Amino acid sequence: MSGGVYKIGQLVVVAVGDAAATESFEGMRTGVFRDLPKDNGVAWVEGDPLYWDDSAGDFTPTSAVGLVLAGVAVEAAQLADATGTVLLGVNVAVDE
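Counted the way the numbering used here counts, the sequence shown spans residues 1 to 96.
Next up, the structure:
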């Protein structure tokens, strides 16, 4: 669980500790996080807004209904990269 990304309502958080599946846990909703799951079918450019896709379990720069705007790309990521660096909580709003 630690380091995992979770959507709680309209919040996207990164777990900072371990807890059982049904237990509460501590999560951070702001800050820079490296090696977060990335949509490996789309490249990122530094500064791209990033949306959390809960069904796919990754961040994408492609907006779509049901995705939550969670932060921005801190650095570019290539098309085939499986992870990226994300600044959570900057200019976050709900994508409806």
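A virtual CB, placed ideally from N, CA and C, is assigned to each residue, including glycine.
From a predicted model like this one, the values you see are computed outputs, not experimental measurements.
Opposing strand residues paired with residue i [DSSP bridges]
{"i": "V12", "result": "K7"}
{"i": "G84", "result": "L36"}
{"i": "A73", "result": "V86"}
{"i": "T22", "result": "The partner list for T22 (beta bridge, DSSP) is empty, contrary to what the question assumes."}
Beta-carbon proximity of residue i to residue j, cut-off 8 Å
{"i": "V14", "j": "L88", "result": "yes"}
{"i": "V5", "j": "P37", "result": "yes"}
{"i": "T60", "j": "V42", "result": "yes"}
Close-in-space but distant-in-sequence residues of the same chain around residue i (CB under 6 Å, 5 per side omitted)
{"i": "T85", "result": "R34, V74 and E75"}
Residue i versus residue j: straight-line alpha-carbon distance, rounded
{"i": "R29", "j": "D58", "result": "16 Å"}
{"i": "L67", "j": "F25", "result": "23 Å"}
{"i": "V45", "j": "V72", "result": "9 Å"}
{"i": "V16", "j": "G27", "result": "5 Å"}
{"i": "E23", "j": "Q10", "result": "19 Å"}
Beta-carbon proximity list for residue i, same chain, < 7 Å, skipping 5 on both sides
{"i": "D54", "result": "K7"}
{"i": "D81", "result": "K38 and N40"}
Closest residue to residue i among the options (Cα-Cα distance)
{"i": "G3", "options": "L79, G9 and D18", "result": "D18"}
{"i": "A64", "options": "P49, Q78 and A77", "result": "P49"}
Chain-order list of residues whose beta-carbon lies under 8 Å from that of residue i (same chain, five-residue window excluded)
{"i": "A56", "result": "D39"}
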